[in-house]
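S.K.:
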Amino acid sequence: MDPQHNQGIVILDFGSQYTRLIARRIREQNIFSEILPSNTSSTEIRRLNPKALILSGGPSSVYSESAPMYDESIFDLDIPILGICYGLHLLVQHYGGKIETSNIREYGFDEIIINDKSDLFNGLPDTTEVWMSHADKVSELPKNWEITAESSNGIVASLVSKSDRRYATQFHPEVIHTEKGKEILSNFLFKIAKCNLNWTPRNFIGDKITEIQQVVGQSGKVLTAVSGGVDSSVVAALLNKAIGNRAISVIIDHGLMRKNEAQDCVKSLKEHLGVNVQLFDESKVFLKRLKGIKNPEKKRKIIGEQFIWSFEKIAKSIGQVDYLAQGTLYTDVIESGGIGSTKQAKVIKSHHNVGGLPQNMELKLIEPLKELFKDEVRSIGRELGLPDKLLNRHPFPGPGLAVRILGSITQERLDILREADDIYISILQEEGIYDEIWQAFSVLIPVKTVGVMGDNRTYENLIALRAVTSLDGMTADWYRIPDKILSKISNKIVNSVSGINRVVYDITSKPPGTIEWE
Ligand code: XMP
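Residues in the sequence shown are numbered consecutively from 183, following my numbering.
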């Protein structure tokens, strides 16, 4: 796309976890969109010639000193502007209204009541479910602005200045949990901004293969770090297609995998993908370095570092290797603080495959999935011909069970968690609900509680079960496991895993929770 003729949407990034989702949702409606830093000048935006501007959400408060910089004259642009969450606050502040920190913080689902269906909410019902994630709210409307929707708590959910073509929503239309998000964005794109279809998704696989061939050259060798999950398997398949046997796959058993996972991985990759994959057992060195470490971020850093060191060692034993390929996804990047124009995003967790890289790493990195969300990776995997069983496997974090054992990690705790988790997942599969769930897992909480088994008093650990639905890992809701199945899981775990005498179920959505506990 020639930037001189954008004719689509420019999104200014104020640091929201969801900024790239906005771009993606717009592209899904076949409109070009690009994300630029919040301080992009109005001159630059004019040069790009977009049909409209979107101001993203962000973690700051508009009155805070550390609020992201922006060019005030963007508000003079004669194109429609949509502000989302933080973007709403900016619009309200600029046009003379007031924002205040609300005593009602709204995170998660809310029902809004729509009272104007002429523009953004055209064709929508009177009430609809939306996804909120904010603490600040509008306390005074700017002159000549009107409220178009309110939240169930009476907070301004959307407002407009029709004469200026300025629109704002307190909720996030871009996240999948906003029931009519697609329609709202579509109204903005087509009815308000008068966009014409100008974008077709590029051929991701073809483009990536060419890119990999260009980067690696005629003789370069790539070591693919395979975990057995969807992401790294897709990377391995892509690499195989791009450079054939110059792509070598290895699985490092860091001792933090699920039961039988490493062995199953080797088997399914060899059978289904014909990938030349070797298994290396590095569990002793990982466990030794993790001994006594309780802080989740420290765990991630250690695992990330050791992962790279182990790979470097293995690479040397394999012979001359130039690159290391990883299945880093966009969610990993954004939640670790962002890339490029999205640098404003707050660090939530330093995902090991980005945050923990040592500066002096000897291998160059290839991360072909860095701009994709999980569901996009799955559909690419399907196109590449990977088996459904592999594609539908729940995501598993790089640091593995380390972030699912609160407190320090010992062999004994790993064994307890592995057994319980295996029982849990097997029952979900037997009951036919595994594929309805985005991610299910157990968390070992090293807090002892009293119980009674037979005539004996027990004093053992607590295990938490988590199951969430999600489309991309950015937002999630807890999955309603039928109580009969929950009780079957609980009974079996307590009866057969020694070291656990109590099971609890996590009913927190994301936000405010994250999917993993650490
Ligand atoms: P959270 O817990 O941040 O998780 O809501 C979102 C998704 O990312 C996975 N996750 C990780 N993946 N390294 C990874 O490769 C990590 O350190 C990590 N932490 C979380 C998580 O399992 C979920 O799918």
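Where a beta carbon is used, it is the ideal one built from N, C-alpha and C, also for glycine.
Is it the case that the CB of I697 approaches a heavy atom of the ligand XMP more closely than 8 angstroms?
M.R.: yes
S.K.: Please find out if some non-hydrogen atom of the ligand XMP comes closer than 8 angstroms to the beta-carbon of K319.
M.R.: no
S.K.: State the DSSP-derived secondary structure class of H316, mapped to helix, strand or coil.
M.R.: strand
S.K.: Quick one, are the C-beta atoms of S220 and C267 less than 9 angstroms apart?
M.R.: no
S.K.: Report the rounded CA-to-CA distance for T222 versus Y252, giving the unit in angstroms.
M.R.: 7 angstroms
S.K.: Verify whether the separation of the beta carbon atoms of N638 and I682 is less than 9 angstroms.
M.R.: no
S.K.: Going by the beta-carbon positions, is the gap between A419 and G269 smaller than 9 angstroms?
M.R.: no
S.K.: Got a sec, what are the start and stop residues for the beta strand (DSSP E) P478 sits in?
M.R.: P478 -> not in any beta strand (DSSP E); alpha helix (DSSP H) instead, spanning P478 to I500.
S.K.: Is the closest heavy atom of the ligand MG to the C-beta of F578 under 8 angstroms?
M.R.: Among the ligands present in this structure, namely the ligand XMP, the ligand MG is not found.
S.K.: With C-beta atoms as the reference, is D292 less than 9 angstroms away from S334?
M.R.: yes
S.K.: By Cβ distance, which residues of its chain are closer than 7 angstroms to T201, with the 5 residues on each side in sequence left out?
M.R.: Hits under 7 angstroms: I193, D195, I217, S238 and T524.
S.K.: Cβ of A658 versus every heavy atom of the ligand XMP: is any distance shorter than 8 angstroms?
M.R.: yes
S.K.: Using the C-alpha atoms, what's the distance from I296 back to G538?
M.R.: Here G538 scores only 41 on pLDDT, less than 50, and its place in the model is too uncertain to base an answer on.
S.K.: Could you tell me which residues DSSP pairs with A444 in its beta bridges?
M.R.: In DSSP, A444 forms no bridge with anything.
S.K.: For the beta strand (DSSP E) holding K546, just list the boundary residues, first then last.
M.R.: K546 to I548
S.K.: Just the Cα atoms here: how many angstroms apart are L573 and Q508?
M.R.: Each residue's Cα considered, the two are about 17 angstroms apart.
S.K.: Count the other CB atoms within 10 Å of the CB of P581; is the residue buried (16 or more) or exposed (fewer)?
M.R.: buried
S.K.: So what does E361 bridge to, in DSSP terms?
M.R.: Answer is none; E361 lacks a bridge partner.
S.K.: DSSP on V585, reduced to helix/strand/coil?
M.R.: helix
S.K.: Quick check: the segment 588–595 against the segment 460–474, are at least 3 beta-carbon pairs closer than 8 angstroms?
M.R.: yes
S.K.: What residue range is occupied by the uninterrupted alpha helix (DSSP H) comprising N422?
M.R.: V412 to I425
S.K.: List in chain order: all unbroken alpha helix (DSSP H) runs of 4+ residues lying wholly within the segment 367–392.
M.R.: none
S.K.: Cutting at 7 angstroms between CB atoms, please list the residues of its own chain near E332, excluding the five before and the five after it.
M.R.: In its chain, beyond the 5 residues on either side, I294, I295, V338 and A339 have a beta carbon closer than 7 angstroms to the beta carbon of E332.
S.K.: What's the C-alpha gap between L599 and E700?
M.R.: 15 angstroms
S.K.: Any heavy atom of the ligand XMP inside 8 angstroms of the beta-carbon of Q211?
M.R.: Using a cutoff of 8 angstroms, the CB of Q211 does not count as near the ligand XMP, since none of the ligand's heavy atoms is closer than that.
S.K.: According to DSSP, is A602 helix, strand or coil?
M.R.: Three-state result, A602: helix.
S.K.: So, with DSSP's three-state summary, where would you put A658?
M.R.: For A658, the three-state secondary structure derived from DSSP is strand.
S.K.: Start and end of the alpha helix (DSSP H) containing V503?
M.R.: It is not in any alpha helix (DSSP H) - V503 carries neither H nor E in the DSSP assignment.
S.K.: DSSP three-state label for Q395, please.
M.R.: Looking at Q395 - three-state DSSP - the assignment turns out to be helix.
S.K.: Could you tell me the boundaries of the beta strand (DSSP E) in which G265 lies?
M.R.: I263 to I266
S.K.: Rounding to the nearest angstrom, what Cα-Cα distance links V650 and T225 in this structure?
M.R.: Distance between V650 and T225, taken at the CA atoms: about 44 angstroms.
S.K.: Check whether the Cβ of P241 sits closer than 8 angstroms to any heavy atom of the ligand XMP, and report yes or no.
M.R.: no
S.K.: For the ligand XMP, any of its heavy atoms closer than 8 angstroms to the Cβ of P432?
M.R.: Per the sequence shown, residue 432 should be read as Val rather than Pro. No, since every heavy atom of the ligand XMP falls outside the 8 angstroms radius drawn around the Cβ of V432.
S.K.: Would you call the segment 427–443 and the segment 379–391 in contact, with 3 or more CB pairs under 8 angstroms?
M.R.: no
S.K.: Mind checking who E328 pairs with in its DSSP beta bridge?
M.R.: V342
S.K.: Measuring only the C-alpha atoms, how far is D435 from L451?
M.R.: 15 angstroms
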